[in-house]
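In what follows, a single structure is set out as structure tokens and then discussed.
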Amino acid sequence: MGRRKIEIEMVKDPNTRQVTFSKRRTGLFKKANELSILCGAEVAIVVFSPGSRPYSFGHPGVDVVAAKYLQQETEPSDSQENPSSGAPDIEKLNLELGEVLAQIREGEKQVETHDEIMNQNDVTKLSNLKELRDSYKELQDWIKLRLSDIEISGYMMLLAQDPVVGIKAKSAKRKRRRRRN
Numbered sequence: 030m031g032r033r034k035i036e037i038e039m040v041k042d043p044n045t046r047q048v049t050f051s052k053r054r055t056g057l058f059k060k061a062n063e064l065s066i067l068c069g070a071e072v073a074i075v076v077f078s079p080g081s082r083p084y085s086f087g088h089p090g091v092d093v094v095a096a097k098y099l100q101q102e103t104e105p106s107d108s109q110e111n112p113s114s115g116a117p118d119i120e121k122l123n124l125e126l127g128e129v130l131a132q133i134r135e136g137e138k139q140v141e142t143h144d145e146i147m148n149q150n151d152v153t154k155l156s157n158l159k160e161l162r163d164s165y166k167e168l169q170d171w172i173k174l175r176l177s178d179i180e181i182s183g184y185m186m187l188l189a190q191d192p193v194v195g196i197k198a199k200s201a202k203r204k205r206r207r208r209r210n
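Just so you know, the sequence shown maps onto residues 30 to 210 in the numbering used here.
Printed below as a string of structure tokens:
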């Protein structure tokens, strides 16, 4: 059967498109690898699948090649043709990143300060609660003593108002019997 020439257009069936993408991506990465080995070229390829998943190949590495590409100075004719070179944007982003990192550090310091204050308040509240509990126990003990004093006073008042006659009468009878005998 052999190979047939295919028309270059977007594959309509999503499943077939995904299979084609996988096979072509593998072939593309193999060709990039061969180019880097045979010619000593530094190569970086970043591809997004139809499902928006990123795939990359790089020799010596995608990050190395991309950094070298972004740091490379453009020629004066290139800067006139393409005024939107990435360098000013990178500097601006680096400045913003520095500001955000400074804000994060400041926030961390504030969190530490707040934690210290919270810990101090917790210790103070705990000692205050212990003092309140101790004074409550003392108050309970004092009230118990006063209640027993009041109860005893009540009994004594009752005895003073109405002495127990039966006890005096019995003791008087006993004394009389002893005298007779």
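Glycine is no exception: its CB is placed at the ideal position from the N, C-alpha and C atoms.
Return the chain-ordered list of same chain residues with a C-beta closer than 8 Å to the C-beta of Pro105, the five sequence neighbours on each side being excluded.
The predicted model places Pro105 with a pLDDT of 47, which falls under 50 and marks its position as unreliable; any figure quoted below should be read in that light. So no residue of the chain qualifies.
I need the straight-line Cα distance from Arg208 to Tyr165, nearest angstrom please.
59 Å
In whole angstroms, give me the CA-to-CA distance for Arg134 and Asp92.
28 Å
When Lys52, Phe77, Glu125, Val94 are compared against Glu71, the one with the closest alpha-carbon
Val94
Please report the residue range of the beta strand (DSSP E) in which Ile66 lies.
No beta strand (DSSP E) contains Ile66, which is instead part of the alpha helix (DSSP H) from 43-68.
C-alpha gap between Asn62 and Ala73, whole angstroms:
10 Å
Would you please state the rounded distance, in angstroms, between the beta carbons of Glu78 and Phe50? I believe it to be under 8 Å.
The sequence as given places Ser at residue 78; Glu does not occur at that position. With 8 Å as the limit, Ser78 and Phe50 qualify as a contact, their Cβ atoms being about 6 Å apart.
Can you give the beta carbon distance from Pro40 to Arg32, rounded, assuming they're within the 8 Å contact cut?
Here residue 40 turns out to be Val, not Pro, going by the sequence shown. Incorrect: roughly 17 Å between the Cβ atoms, too far for contact.
In whole angstroms, what separates the C-alpha of Leu124 from that of Val152?
42 Å
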